[in-house]
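Data block below; observations after.
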Ligand SMILES: Cc1cc2nc3c(=O)[nH]c(=O)nc-3n(C[C@H](O)[C@H](O)[C@H](O)COP(=O)(O)OP(=O)(O)OC[C@H]3O[C@@H](n4cnc5c(N)ncnc54)[C@H](O)[C@@H]3O)c2cc1C
């Protein structure tokens, strides 16, 4: 009887886990392993690009790749892991409850934006966290020209000045002018809790964010917290009022709640604290990966971030190790020493840094070219060709 590796999620981590497990089975000459991916759609949704326009195009069909590698795709939404029975309860796309057993389980169900219970944000706010919500924002922006001209119509408030908030805010001036006309006085305001712009980044990188914001006319309100969002705008905790038809929440991400019933430690972001092999301690046949895994990247104290840069590599290691544990092959402790940052800064350009201390290597047009190469090519699925996909899925092959 075939043994099954069940992977929950077809994002960066889940997709690469499947390819990597298939690669090891191929290398071992094994044909008795079933690799199955359970996810709502057989597609990779390219979340790092959701600040861009034309969001519906930002998906990649995984069916040709899975067919080429004999990866089984099951359409559904996992509801509960039953570790005692080695199985997963899920809802099929028809809404029926179903159960699937596994010999090894890889939890790659990603993350979701967290609203922190801010009043009015769910009803009146927008976000770019998932394809559907980014589409809702795009539809709303495209409909702004139908509203009467007003300061509120022409103002977008971006709540949160982290990576996503910065990329969206610096992209928006050009998008708003294209929609509302070059003559229209538009305004993009970032509301940020911290006391400096880009406070989580190196000083060099912060300076470029400041330069880009100034050049593009993006305003920042620092030391500020959102109190309430309503249909006409946002009120901050100090009473400041900003009239705006478009308030976008970007601050705070939490790992998927899947696996909450497992007796396992999670970090403040809801990620499982995993072993070097990416197993959930106490559950030798369950692995967590991508945004679901809190994993050490090196021996000097760095930890994987919730980025696709880490999710891709975490996926390759999880797939390899799950397959290795069934095939009697050596496992590979997860390691990812290199770390780069490539931050899009809209019409101003981009900044590319290397290392955890974020030393700038490229700025403006040069960095922008690299950003486009990363987000339009590097992070997309490999070609549906065994040789190409398996070479790319080697956990030890150079990535960045
Ligand atoms: C706007 C935005 C900008 C970003 N920019 C960058 C960037 O510039 N650089 C960078 O490195 N990272 C960036 N990220 C982060 C990056 O997108 C994530 O870290 C990455 O997507 C994580 O990959 P993942 O496979 O763990 O999860 P995801 O990509 O979220 O995939 C999760 C998968 O699990 C499926 N799933 C979820 N729940 C279930 C369930 N219960 N049952 C079955 N399937 C389920 C989903 O449908 C999906 O297929 C950005 C994210 C956002 C939202």
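In the numbering used here, the protein residues as written are 115 to 514.
Just so it is clear, CB atoms sit at the ideal spot from N, CA and C, and this is done for glycine as well.
- Exposure of residue 510 is indicated by the presence of fewer than 16 other C-beta atoms within 10 angstroms of its C-beta.
- Within 10 angstroms of the beta-carbon of residue 505 lie fewer than 16 other beta-carbons, which makes it exposed.
- Collapsing the DSSP output to three states places residue 176 in coil.
- If you draw a straight line from the Cα of residue 273 to the Cα of residue 436, it comes to about 39 Å.
- Checking the DSSP bridge columns, you'll see residue 408 partnered with 387.
- DSSP places residue 279 in the uninterrupted alpha helix (DSSP H) bounded by 277 to 294.
- Not one heavy atom of ligand 1 sits closer than 8 Å to the Cβ of residue 494.
- Between the segment 287 to 298 and the segment 367 to 384, the count of C-beta pairs closer than 8 Å stays below three; the two stretches do not touch.
- Remark: the shortest separation between the CB of residue 165 and any heavy atom of ligand 1 falls under 8 Å.
- Using a cutoff of 8 Å, the CB of residue 154 counts as near ligand 1, since one of the ligand's heavy atoms is closer than that.
- Annotation for residue 330 indicates a beta carbon at 8 Å or more from all heavy atoms of ligand 1.
- Each residue's CA atom was taken as its position, placing residue 139 and residue 404 some 21 Å apart.
- If only uninterrupted beta strand (DSSP E) runs of at least 3 residues are considered, those enclosed by the segment 424 to 462 are 454 to 458.
- Within its own chain, the residues whose Cβ lies closer than 8 Å to the Cβ of residue 159, once the five positions on either side in sequence are excluded, are 125, 172, 173, 244, 245, listed in chain order.
- For residue 257 and residue 427, the gap between their C-alpha atoms comes out near 39 Å.
- Relative to ligand 1, residue 474 has its C-beta separated by 8 Å or more from all heavy atoms.
- According to the DSSP secondary-structure assignment, residue 473 is paired through a beta bridge with 468.
- Buried is the label assigned to residue 467, since at least 16 other Cβ atoms lie within 10 Å of its Cβ.
- Beta-bridge pairing by DSSP links residue 130 to no other residue.
- Per DSSP, residue 380 is not a residue of any beta strand (DSSP E), being assigned neither H nor E.
- Only residues of its own chain outside the window of five on either side were considered, and among them 422, 489 have a CB closer than 6 Å to the CB of residue 162, listed in chain order.
- In the DSSP assignment, the residues bridged to residue 360 are 270.
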